[in-house]
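Student:
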Amino acid sequence: MSEIKTHHIALQRGDRERAIVFFTKLLGYKLVKTSRLPVHLSREIFDIEDEPEVLFFTNEEDTSFEVFITKHGVTQDFSHVCLVVPDLELFCRRCRDLGLRPFFVEKNGKQLVFVRDEDGNLFEIKQS
Numbered sequence: 072m073s074e075i076k077t078h079h080i081a082l083q084r085g086d087r088e089r090a091i092v093f094f095t096k097l098l099g100y101k102l103v104k105t106s107r108l109p110v111h112l113s114r115e116i117f118d119i120e121d122e123p124e125v126l127f128f129t130n131e132e133d134t135s136f137e138v139f140i141t142k143h144g145v146t147q148d149f150s151h152v153c154l155v156v157p158d159l160e161l162f163c164r165r166c167r168d169l170g171l172r173p174f175f176v177e178k179n180g181k182q183l184v185f186v187r188d189e190d191g192n193l194f195e196i197k198q199s
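Our numbering puts the first residue of the sequence shown at 72, with every later residue one more than the last.
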């Protein structure tokens, strides 16, 4: 059994109210928090010049969603998968061994770790 667990799934939506209806009414998730992603972090992490609102939904069991509200088209998005690993340093070493380049971004005094796969899919990595 894998020690890696999913932390959250991030999606992009163009309409705040429709996103809330979808996650709360259809899926039964709770909207637990809203925030804005500062433009400098948006640029560093996603290479997008934007300051989207971010809605945080949870089912209080095992799945959480970050929903980025933005008007950008599909070619630019905030989609990523966040995984939890037992040893962040070992994970980064394994990335490098496979020719992948993890990158680090500071947010509120904490270091965030990201890596893209060969197709450009973005993964955020947290340590358990």
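Cβ atoms here follow ideal geometry from the backbone N, Cα and C, with glycine treated the same way.
1) So, at 6 Å on beta carbons, what are the nonlocal neighbours of Asp148 in its own chain, with the 5 sequence-adjacent residues on each side left out?
2) With distances taken between CB atoms, is the gap from Val152 to Phe139 smaller than 8 Å?
3) Could you give the DSSP three-state label for Ser106: helix, strand or coil?
4) In whole angstroms, what is the alpha-carbon distance linking Glu115 and Val186?
5) Looking only at C-alpha atoms, which of Glu88, Ile80, Thr105 sits nearest to Leu97?
6) Note down, in chain order, each residue of its chain lying with its Cβ closer than 8 Å to the Cβ of Lys178, except the 5 sequence neighbours on either side.
7) For Cys153, which beta-bridge partners are listed by DSSP?
8) DSSP on Ser113, reduced to helix/strand/coil?
9) Does the distance from the C-beta atom of Ile75 to that of Val156 stay below 8 Å?
10) Put Leu171 into one of helix, strand or coil per three-state DSSP.
Tutor: If we stick to the structure as given:
1) Gln83
2) no
3) strand
4) 13 Å
5) Glu88
6) Leu112
7) His79, Glu195
8) helix
9) yes
10) coil
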